[in-house]
């Protein structure tokens, strides 16, 4: 069991550039979640997928953010025209099942710094 | 709009003593509560959960108490060990609603257990 993996672990970019993060969930987990965590705060929900379908998006997910899970396996989160306020830790989690109570397993996160 | 609050940013206890971490919530639709533990450079790890139909759940050294009328929950760790030193996040969700699996987190409490 390799757990949830995220790539890259760290990303430094200049304001205005586009960035893309990847998340590989635990094998056969049908649900995948993206959260964002800023300094001194807990993770905040961004979006989630049931297999390949994106079922909910937070108001935090502006038009510059897009997430995909094309084959119901790995997922990507893209941020276009990055802003300094996008600097945060981006966490991915996955779970197995159809209940909201199913345990979510988190990856180590991708730390984004926008200069 | 902080729906889940952990008002103590940090807690320091002696090894062998009890650690009590507190959490308050405002959304009466929350019906499932969880505690996650986070070590540096790792993602949050699920620790223990409780349904709103219960007032206590125990797992080894960890016990979670829920007071629905006060919208308050607490995590007790007895006895505390140095390896318990981490950031603890309280989280809540409306498991029966349409936001399946959307966790709302508190800000976290840094627990330090001294040998």
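Protein chains in written order, with the numbering used here: chain F, 60 to 174; chain H, 11 to 125.
Each residue gets a CB set at the ideal place from its N, CA and C atoms; glycine is no exception.
Bear in mind the structure is a predicted one, so any value in this text is a computation, not a measurement.
Item, Value
"Can you list, in chain order, the residues of the stretch 112–146 of chain F whose Cβ is nearer than 7 angstroms to any Cβ on chain H?", "115"
"Kindly indicate which three-state DSSP category residue 34 of chain H falls into: helix, strand or coil?", "strand"
"Output, in chain order, the set of chain F residues within a Cβ distance shorter than 7 angstroms of residue 68 of chain H.", "Under the 7 angstroms cutoff, chain F gives no residues; its nearest Cβ is about 17 angstroms from residue 68 of chain H."
"Quick check: what's the CA-CA separation for residue 144 of chain F versus residue 121 of chain H?", "28 angstroms"
"Along the stretch 82–111 of chain F, what residues have a CB closer than 9 angstroms to any CB found in chain H?", "90, 92, 94, 96, 99, 100, 101, 102, 103, 104, 107, 109"
"Taking only the alpha-carbon atoms, compute the straight-line gap between residue 34 of chain H and residue 74 of chain H and give it to the nearest angstrom.", "13 angstroms"
"Which partner residues does residue 137 of chain F have in the DSSP bridge list?", "F:79, F:125"
"Contact defined as beta carbons within less than 8 angstroms: I believe residue 104 of chain F pairs with residue 94 of chain F. What is the distance between those atoms, to the nearest angstrom?", "6 angstroms"
"Where does residue 143 of chain F sit, in a helix, a strand or coil, going by DSSP?", "helix"
"Taking the continuous beta strand (DSSP E) assigned at residue 58 of chain H, which residues delimit it?", "55–61"
"Quick one: measure Cβ to Cβ for residue 80 of chain F and residue 135 of chain F, integer angstroms, because I've assumed they're closer than 8 angstroms.", "7 angstroms"
"Quick check on this structure: which residue in H:96, H:16, H:88, H:123 has the alpha carbon closest to the alpha carbon of residue 100 of chain F?", "H:16"
"Against residue 167 of chain F, what residues of chain H qualify as contacts under a CB-to-CB distance less than 7 angstroms, listed in chain order?", "51, 52, 53"
"Within the continuous beta strand (DSSP E) that includes residue 118 of chain F, where are the two ends?", "Looking at the DSSP string, residue 118 of chain F is not in any beta strand (DSSP E), and its letter there is neither H nor E."
"Please list, in chain order, the residues of the stretch 29–50 of chain H that have any C-beta partner in chain F closer than 9 angstroms.", "42, 44, 46, 48"
"Hey, how far is the Cα of residue 75 of chain F from the Cα of residue 139 of chain F?", "7 angstroms"
"With 8 angstroms set as the bound, which would you pick, yes or no: does the beta-carbon of residue 150 of chain F sit closer than that to a beta-carbon of chain H?", "yes"
"What number of angstroms, rounded off, separates the C-alpha of residue 88 of chain F from the C-alpha of residue 170 of chain F?", "24 angstroms"
"Is residue 48 of chain H buried or exposed, if buried means 16 or more other CB atoms sit within 10 Å of its CB?", "buried"
"Which partner residues does residue 104 of chain F have in the DSSP bridge list?", "F:94"
"Do you know how far the Cα of residue 101 of chain H is from the Cα of residue 114 of chain H?", "5 angstroms"
"From what residue to what residue does the beta strand (DSSP E) around residue 46 of chain H run?", "42–48"
"What would DSSP say about residue 94 of chain H, mapped onto helix, strand or coil?", "helix"
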